[in-house]
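One structure is given here, and the rest of the page talks about it.
There are 2 protein chains.
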Amino acid sequence: MGNFWLQEKHTDGYEVKWKIDGIIHSEKTKYQELAIVETREWGRALILDGALQTSEKDEFIYHEMIVHPAMCTHPKPEKVLIIGGGDGGTLREVVKHSRVNEIDMVEIDERVIENSKKYLPSLACAFDDQRVSLHVEDGVWFVKKFSGKYDVVIVDSSDPVGPAVQLFSRDFYQDVFAALKNDGLVVVQSESPFFYQETFKSVYKNISTVFPYTFTYLVPIPTYVSGPWSFTIGSKKHDPLKLTSDREHIPGLKYYNEGIHTSVFCLPSFIKEMLK
Amino acid sequence: MGNFWLQEKHTDGYEVKWKIDGIIHSEKTKYQELAIVETREWGRALILDGALQTSEKDEFIYHEMIVHPAMCTHPKPEKVLIIGGGDGGTLREVVKHSRVNEIDMVEIDERVIENSKKYLPSLACAFDDQRVSLHVEDGVWFVKKFSGKYDVVIVDSSDPVGPAVQLFSRDFYQDVFAALKNDGLVVVQSESPFFYQETFKSVYKNISTVFPYTFTYLVPIPTYVSGPWSFTIGSKKHDPLKLTSDREHIPGLKYYNEGIHTSVFCLPSFIKEMLK
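As given, the protein sequences belong to chains G and U, one line each in that order.
Going by numbering that gives the first Met the number 0, the first residue of the first sequence is number 0, and it counts up by one from there.
Going by numbering that gives the first Met the number 0, the first residue of the second sequence is number 0, and it counts up by one from there.
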């Protein structure tokens, strides 16, 4: 389709262009502009409000790394809540944990789920798992309904603009804290420490004022901005660097392994300074 | 200066644009097109043949991480050879090691050094160190002159196009092997495992056919392509994961620390597969 590019303006001084070989589908949902495109570099990708969310070829990095460090930190993750993640990639990784017996998944935009099922089946392949209850509503309100229910909460949000902005607030983390059991933990994607430094720092600060233990880890994700991407864990009790020996081993992963689990929490000195 | 951008075409499907607020200097040297520009995002940057080489604001990552993992792996790095690195950032990090008593630095393009001294003084600040001998010539030929001389060789090359192409060959690594002492080691920048996968794999393969021990490590560098950047160590004896207790501690670094030293060698599963 000629010289067609997705151009992402990350800052006033940094733009990235991905060659688009085809528009598979596009629509305006109740919440956002949605497109499924064929990229030259990464296969099919989901675009929301002009920002690349996930691609077939590199999505394993983001999805394995938002799920397994937290899930493997908890010795017995039985009840899990996923907020966001309508493409299904996070859910696909969570169902690999056999100790899980109940998964609530809350996505505000049903059209993200429907289009992912139709056009990104390698991601949206676990919605039929018997343990999953799907809730099409706002995660910010959903989480308020529960007290002491979950072992692990995973906040797989888009950037803090549009529908996701509340998911980065201290009030929301307090509601998540209340919804977790006494030894529960939450993991959130917390943006780039270089390009979205204020968000990165405020997530850490907000979580650490609510949870007794806060851990940041870094993972470079090729379809996001350059440099490392960050995730942040808020934990009531468990420490990702002190794993119990009986935790579940998940076979067949492409990114996560035991060495990665420990090493991603080792932060460069300037990031440690940033979080002081 | 209006709407002026450095546009880097990394692949047919991936381009990056950095806003340029000013051209400080530009010239055609004997070897390449050289420019010093003021970027919106990263301060002053050195551009060679249209590719961003190093910037004031993120250069500490690349330079600390090409130098200290190798230098701290060797228990007594006294004689060091730097090939390339005309901007001076690698040299600045090497001179922080007090056990070093002789540094040969070989840069093919004198104009890179001269312009870095003039326009990037925070990088090119160690050329006057008493231990440094500067050689303006081709590193490929320089290294052939020596046998068993060096403890550590650092290959700080640009991409394998133009003057740097020989620095990625097996023949060159054999000459480096010969120039090293019996317990010497070499470190090279080995490109992106995503966007330049063939180079990444061939460097690993070439080094591992010459050296008994080969170690790859990953570091995300914001001014380079997205995802991780790679470095590869070829070692005759020393193992970066078995550090001697008396190694020198280098204070005041912004990226490198003991946790980083160990963790960067933990590779994601798909990278381990790629290197099999």
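Glycine included, each C-beta is placed from N, C-alpha and C at the ideal position.
If you're wondering where the values come from, they're calculated on a predicted model, not measured in any experiment.
- Query: Can you name, in chain order, every residue of its own chain whose Cβ lies under 6 angstroms from the Cβ of G138 (chain U), other than the five neighbours on each side?
  - Reply: Counting from 1 along the second sequence, the entry for residue 138 (chain U) is found at position 139. Correct list, in chain order: I82 and V105.
- Where does Q31 (chain U) sit, in a helix, a strand or coil, going by DSSP? To locate residue 31 (chain U), count along the second sequence from 1; it is residue 32. Q31 (chain U) falls in the coil class under three-state DSSP.
- Message: Quick check on K78 (chain U): buried or exposed, where buried means 16 or more other Cβ atoms within 10 Å of its Cβ?
- Response: The residue you call residue 78 (chain U) lines up with position 79 of the second sequence. By the 10 Å Cβ count, K78 (chain U) comes out buried.
- Query: For I112 (chain G), which residues of its own chain have a beta-carbon under 6 angstroms away from its beta-carbon, when the five flanking residues on both sides are left out?
  - Reply: On the first sequence, residue 112 (chain G) is found 113 positions in, with the first residue counted as 1. Hits under 6 angstroms: G85 and E106.
- Could you round the C-beta distance between T261 (chain G) and L274 (chain G) to whole angstroms and report it? I think they count as a contact, below 8 angstroms. For the purposes of this step, residue 261 (chain G) is identified with residue 262 of the first sequence, where counting begins at 1. For the purposes of this step, residue 274 (chain G) is identified with residue 275 of the first sequence, where counting begins at 1. Rounded, the Cβ-Cβ distance is 19 angstroms, inconsistent with contact.
- Taking all protein chains shown into account, decide if H67 (chain U) is buried (16 or more other Cβ within 10 angstroms of its Cβ) or exposed. For the purposes of this step, residue 67 (chain U) is taken as the residue at position 68 of the second sequence. So H67 (chain U) ends up on the buried side.
- In the structure shown, what three-state DSSP assignment does W4 (chain G) receive? Position 5 of the first sequence, counting from 1, holds the residue named residue 4 (chain G). Residue state, collapsed to three classes: strand.
- Item | D174 (chain U) (DSSP reduced to helix, strand or coil) | Residue 174 (chain U) sits at position 175 when you count from the first residue of the second sequence. The answer is helix: DSSP assigns D174 (chain U) an H, G or I state.
- Message: Let me make sure I understand the geometry here. Which of G:I270, G:N181 and G:S25 has the alpha-carbon closest to that of K253 (chain U)?
- Response: Residue 253 (chain U) sits at position 254 when you count from the first residue of the second sequence. It is G:I270.
- Under 7 angstroms from the C-beta of E14 (chain U): neighbouring residues of chain G: What you label residue 14 (chain U) is simply residue 15 of the second sequence in a count that begins at 1. Under the 7 angstroms cutoff, chain G gives K16.
- For the candidate residues G:V154, G:T222, G:A34 and G:Y212, whose alpha-carbon lies nearest to that of S189 (chain G)? As a first step, residue 189 (chain G) is located in the first sequence; it is residue number 190 there, counting from the start. When only C-alpha atoms are compared, the closest one is G:V154.
- If you drop the 5 nearest sequence neighbours on each side, which residues of the same chain put their C-beta closer than 8 angstroms to that of E55 (chain U)? On the second sequence, residue 55 (chain U) is found 56 positions in, with the first residue counted as 1. Hits under 8 angstroms: W41, G42, R43, A44, L119, S121 and L122.
- Message: Assuming P221 (chain U) and D20 (chain U) are in contact, meaning their beta carbons sit under 8 angstroms apart, how far apart are those beta carbons, in whole angstroms?
- Response: Indexing the second sequence from 1 puts residue 221 (chain U) at position 222. Indexing the second sequence from 1 puts residue 20 (chain U) at position 21. About 18 angstroms separates the two Cβ atoms, so there is no contact after all.
- Message: Does the CB of P76 (chain G) have a neighbour CB from chain U at under 8 angstroms?
- Response: The sequence position of residue 76 (chain G) within the first sequence is 77, counting from 1. So no, P76 (chain G) is outside the interface.
- Per-residue burial, T208 (chain G) [other beta carbons within 10 Å of its own, 16 or more giving buried]: Position 209 of the first sequence, counting from 1, holds the residue named residue 208 (chain G). Result: exposed.
- Message: Please tell me whether K143 (chain U) has its Cβ less than 8 angstroms away from any Cβ of chain G.
- Response: The residue given as residue 143 (chain U) occupies position 144 in the second sequence. With 8 angstroms as the cut-off, K143 (chain U) does not count as an interface residue toward chain G.
- Query: Relative to the alpha-carbon of T72 (chain U), which residue among U:E63, U:D238 and U:H134 has its alpha-carbon at the smallest distance?
  - Reply: Position 73 of the second sequence holds residue 72 (chain U). Residue U:D238 is the option with its Cα nearest to T72 (chain U).
- Task: Please decide whether V224 (chain U) counts as near chain G, where near means a Cβ-Cβ distance under 8 angstroms.
- Result: Reading the second sequence from its first residue, position 225 is the one you call residue 224 (chain U). With 8 angstroms as the cut-off, V224 (chain U) counts as an interface residue toward chain G.
- Query: For L242 (chain U) and chain G, any beta-carbon pair shorter than 8 angstroms?
  - Reply: To locate residue 242 (chain U), count along the second sequence from 1; it is residue 243. No, its Cβ sits nowhere closer than 8 angstroms to a Cβ of chain G.
- Message: Using the Cβ count rule (16 or more neighbours within 10 Å means buried), how would you classify I232 (chain G)?
- Response: In the first sequence, counting from the first residue as 1, residue 232 (chain G) sits at position 233. Under this definition I232 (chain G) is a buried residue.
- Closest by C-alpha distance to V218 (chain U), when choosing among G:L266, G:T198 and G:F214: Locating residue 218 (chain U) in the second sequence gives position 219, counting from the first residue. Closest by alpha carbon: G:L266.
- Query: So which residues of chain G does K253 (chain U) contact, with C-beta pairs closer than 7 angstroms?
  - Reply: Within the second sequence, the letter at position 254 stands for residue 253 (chain U). Near K253 (chain U) (Cβ distances below 7 angstroms), the residues of chain G are S268 and F269.
- Task: Starting from Y118 (chain U), trace the alpha helix (DSSP H) both ways and give me its first and last residue.
- Result: In the second sequence, residue 118 (chain U) corresponds to position 119, counting from 1. In the DSSP assignment, Y118 (chain U) falls within the alpha helix (DSSP H) that extends over E109 to Y118.
- Message: Tell me the DSSP secondary structure of V224 (chain G) in three-state form.
- Response: The residue labelled residue 224 (chain G) in the question sits at position 225 within the first sequence. Note: V224 (chain G) maps to coil in three-state DSSP.
- Out of G:T215, G:I35 and G:S146, state which residue places its alpha-carbon closest to the alpha-carbon of A178 (chain G). Locating residue 178 (chain G) in the first sequence gives position 179, where the first residue counts as 1. For A178 (chain G), the nearest C-alpha among the options comes from G:S146.
- Taking buried to mean at least 16 other C-beta atoms within 10 Å of its own C-beta, is D182 (chain G) buried or exposed? Taking the first residue of the first sequence as 1, we reach residue 182 (chain G) at position 183. Exposed, by the Cβ-count rule.
- Taking Cβ-Cβ distances below 9 angstroms as the criterion, which residues of the stretch 30–41 of chain U are in contact with chain G? In summary, the residues of the stretch 30–41 of chain U whose CB is separated from some CB of chain G by less than 9 angstroms are T38, R39, E40 and W41, in the order they occur in the chain.
- Once you ignore the five residues that flank T243 (chain G) on each side, which residues in its own chain have a CB closer than 6 angstroms to its CB? As a first step, residue 243 (chain G) must be located in the first sequence, where it is residue number 244. Here the set comprises P74.
- Pairwise C-alpha distance: P159 (chain G) and V15 (chain G): Within the first sequence, numbered from 1, the residue matching residue 15 (chain G) stands at position 16. Within the first sequence, numbered from 1, the residue matching residue 159 (chain G) stands at position 160. Looking at the two C-alpha atoms, the distance is approximately 19 angstroms.
- Task: Name the residue from G:R110, G:K95 and G:L90 whose alpha carbon lies nearest to the alpha carbon of H24 (chain G).
- Result: The count along the first sequence starts at 1 and reaches residue 24 (chain G) at position 25. If we check each option's Cα against that of H24 (chain G), G:R110 comes out closest.
- Query: Which residues in the same chain have their Cβ closer than 6 angstroms to the Cβ of H62 (chain G), if we skip the five residues on either side of it in sequence?
  - Reply: Here the question's residue 62 (chain G) lines up with position 63 in the first sequence. Result list for H62 (chain G): G88, T89 and E92, in chain order.
- Query: Residues of chain U with a CB under 8 angstroms from the CB of D238 (chain G): which are they?
  - Reply: Counting from 1 along the first sequence, the entry for residue 238 (chain G) is found at position 239. Ordered by position in chain U, no residue passes the 8 angstroms Cβ test against D238 (chain G), which lies about 15 angstroms from the chain.
- Item | Beta-carbon neighbours of P68 (chain G), restricted to chain U and to distances below 8 angstroms | Start at 1 with the first residue of the first sequence, and residue 68 (chain G) comes out as number 69. Ordered by position in chain U, no residue passes the 8 angstroms Cβ test against P68 (chain G), which lies about 13 angstroms from the chain.
- Interface residues of the stretch 103–129 of chain G facing chain U [CB-CB below 9 angstroms]: none
- Query: Taking Cβ-Cβ distances shorter than 7 angstroms, what residues in chain U pair up with N256 (chain G)?
  - Reply: The residue given as residue 256 (chain G) occupies position 257 in the first sequence. Under the 7 angstroms cutoff, chain U gives S268.
- Backbone CA spacing between D108 (chain G) and V164 (chain G) [nearest angstrom]: Counted from its first residue, the first sequence places residue 108 (chain G) at position 109. Counted from its first residue, the first sequence places residue 164 (chain G) at position 165. Cα-Cα distance, rounded: 14 angstroms.
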